[in-house]
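Residue numbering for the sequence shown follows this note's numbering, beginning at 447 and increasing consecutively.
Every residue gets a Cβ at the ideal spot worked out from N, C-alpha and C, and that includes glycine.
Here is the structure we will look at.
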Amino acid sequence: MREIVFYKTASGDCPVEDFLDSLSAKHAKKVTWVLQLVETLEVVPIKYFKKLEGTNGIWEVRIDFGSDTFRLLGFMDKGNLVILTNGFAKKSQKTPAAEIELAGQRRKDHLNRGKNI
Numbered sequence: 447m448r449e450i451v452f453y454k455t456a457s458g459d460c461p462v463e464d465f466l467d468s469l470s471a472k473h474a475k476k477v478t479w480v481l482q483l484v485e486t487l488e489v490v491p492i493k494y495f496k497k498l499e500g501t502n503g504i505w506e507v508r509i510d511f512g513s514d515t516f517r518l519l520g521f522m523d524k525g526n527l528v529i530l531t532n533g534f535a536k537k538s539q540k541t542p543a544a545e546i547e548l549a550g551q552r553r554k555d556h557l558n559r560g561k562n563i
């Protein structure tokens, strides 16, 4: 089993919570359902959770709801811990490079701060 936590900035802000708060109740319910799958299934179907190729360990939680597509990016830490760093509505086939870069920056920040605790 995996545990999902949301990345927090050094000042305590939580970008993923802010993103989830911006969604409609129906969208948020679907996101919650997919996150429960990621936490509880030993093998999560690639339709919902996959490692992004060509990245430094960035994973993608994939949510499709009708014609709407959402992604939550993050990374694995300490075995089965999934740290989600950012979320966005996906509007094109490719995951935006800026979102992947942001996830990488937040991964680096999280790991650096963890070493200093």
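- Each of Glu449, Thr455, Val451, Trp505 was checked against the Cα of Asn558, and the nearest Cα belongs to Thr455.
- Rounded to the nearest angstrom, the Cβ distance from Phe511 to Lys476 is 5 Å, consistent with a contact under 8 Å.
- Using a C-beta cut-off of 8 Å, the segment 537 to 557 makes contact with the segment 490 to 502, since at least three inter-stretch Cβ pairs fall below that distance.
- The alpha-carbon of His556 is positioned some 14 Å away from that of Ile450.
- Phe516 is not a Cβ neighbour of Trp505, given a cutoff of 8 Å.
- Beyond the five residues adjoining it in sequence on each side, Leu530 comes within less than 8 Å, by CB distance, of Ile450, Val451, Phe452, Tyr453, Val462, Val507, Leu518, Leu519, Gly520 in the same chain, given in chain order.
- If you draw a straight line from the Cα of Thr541 to the Cα of Gly533, it comes to about 11 Å.
- According to the DSSP secondary-structure assignment, Asn532 is paired through a beta bridge with Leu519.
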